[in-house]
Amino acid sequence: MNQNRTIPHSSRRSGGREARRTLRAAPLAEDLRPVRAGLEGGNFKPLDAAAVKAVDATVYQILEEIGLSQAPDTGIKYMTEAGAVLGDDGRLRFPRALVEHTLAICGRHITLHGQNPKHDLLLSG
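Take 123 as the starting number for the sequence shown in my numbering and just add one per residue.
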């Protein structure tokens with residue numbers, strides 16, 4: 123059954139490349155955005171507790187035994203005053219107690235400011 127349907131024509135063409143570009147460039151409506159400000163994360167767990175513990179122990183071991191090479195002189199001065207150790211090989215090593223203390227006193231809430239305050243990112247943990 124062929125039914126002939128009449129499609130209304132206008133004097134101008136609709137759509138086209140520029141219309142598609144404009145549509146892609148337009149921001150999504152607030153209710154359609156997959157991620158919105160204020161959403162809390164933390165549900166993704168790529169490592170189990172034992173793996174996290176192993177990574178944690180390895181990080182402390184690397185900082186204490188291997189350390190950092192080619193640190194700038196100003197950094198060496200500042201970090202050795204804080205408790206880091208400069209070895210004969212020129213590597214700066216960080217005792218576990220120093221790293222733990224530094225992590226205990228560091229800021230937990232950091233804001234990365236966008237050009238527009240609605241784009242600010244609050245990092246916490």
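A virtual CB, placed ideally from N, CA and C, is assigned to each residue, including glycine.
| Item | Value |
| --- | --- |
| Measuring alpha carbon to alpha carbon, tell me which residue in Val207, Pro194 and Leu161 is nearest valine 221. | Val207 |
| Bridge partners for valine 83 per DSSP, in chain order? | It is not possible to answer for residue 83, since the shown part of the chain is limited to 123 through 247. |
| What residue from Ala226, Val157, Ile227 and Leu245 has the CA that sits closest to threonine 233's CA? | Leu245 |
| Does the Cβ of phenylalanine 166 have 16 or more other Cβ atoms within 10 Å, making it buried, or fewer, making it exposed? | exposed |
| Can the beta-carbon of isoleucine 188 be found closer than 9 Å to that of arginine 215? | yes |
| The beta strand (DSSP E) spanning leucine 244 covers which residue range? | 243 to 246 |
| Any idea what DSSP makes of isoleucine 232, helix, strand or coil? | strand |
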